[in-house]
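If you're matching positions, the sequence shown starts at 19 in the working numbering and goes up one per residue.
Don't be surprised by glycine CBs; every beta carbon is placed ideally from N, CA and C.
Here the structure is a predicted model, which means the values were calculated and not measured.
Report on the following structure.
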Amino acid sequence: MRRRWIVAALVASVSAVLIAADLSQADAKKLANPVPFTRRSIDQGYATFQQNCTGCHGKDGKADMAIVPATDLTAPKLFKSGVSDGEIFRSIRDGAGDQMPPFKYQGLSETEIWQLVAFIHSLWPESARPPLQADDKKGKRM
Numbered sequence: 019m020r021r022r023w024i025v026a027a028l029v030a031s032v033s034a035v036l037i038a039a040d041l042s043q044a045d046a047k048k049l050a051n052p053v054p055f056t057r058r059s060i061d062q063g064y065a066t067f068q069q070n071c072t073g074c075h076g077k078d079g080k081a082d083m084a085i086v087p088a089t090d091l092t093a094p095k096l097f098k099s100g101v102s103d104g105e106i107f108r109s110i111r112d113g114a115g116d117q118m119p120p121f122k123y124q125g126l127s128e129t130e131i132w133q134l135v136a137f138i139h140s141l142w143p144e145s146a147r148p149p150l151q152a153d154d155k156k157g158k159r160m
């Protein structure tokens, strides 16, 4: 019984180290969003955004009323940490600069963070957004 407890503790410790490991910008650039850019993923990202991000980025993502300096999410040209899916994911998950906290410790799953990436893309000018994909009846990509 004691041996199982030790193995479980070791697995939990290794998992915690892996979760805590920050992505390098080069590694982040290589990541692609596994969540398709659909109305459903945008809506799910919007719900997460409303619960976690409006205090700094405002309800519309423009950060024009923010208490702390925050990025205007509607203007990808202003992004300091990169605009690829992986770089945005990294900024949310691992934090960015002195003001953006790492949300991997705030209880957000990786899927929720990827949905936030989809929502952020939806705020961009249409010419900069990825192509919108169709949802099937179960919310999966067609």
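Could you tell me the alpha carbon to alpha carbon distance between residue 52 and residue 83, rounded to whole angstroms?
32 Å
Residue 133 in three-state terms, based on DSSP:
helix
Roughly how far, in whole angstroms, is the beta-carbon of residue 125 from the beta-carbon of residue 119, given that I think they are within contact range, below 8 Å?
Residue 125 to residue 119, Cβ: 12 Å. No contact.
Exposure of residue 56, with buried meaning 16 or more beta-carbon neighbours within 10 Å:
Label assigned to residue 56: buried.
Residue 151 - DSSP class collapsed to helix/strand/coil
If DSSP states are grouped into helix, strand and coil, residue 151 belongs with the strands.
Rounded C-alpha distance that separates residue 101 from residue 139:
9 Å
Checking 8 Å against the spacing of the C-beta atoms, do residue 115 and residue 95 come in under that value?
No, they are not a contact pair.
Answer yes or no: do residue 130 and residue 66 have a C-beta to C-beta separation smaller than 8 Å?
yes
Going by beta-carbon coordinates alone, are residue 104 and residue 49 separated by less than 8 Å?
yes
Per DSSP, cross-strand counterpart(s) of residue 118
DSSP lists 114 as partners of residue 118.
CB contact check: residue 97 to chain B, cutoff 8 Å:
Looking at the structure shown, chain B is missing, and only one protein chain is on hand.
What did DSSP end up calling residue 92 once you bin it into helix, strand or coil?
DSSP places residue 92 in coil when its eight states are reduced to three.
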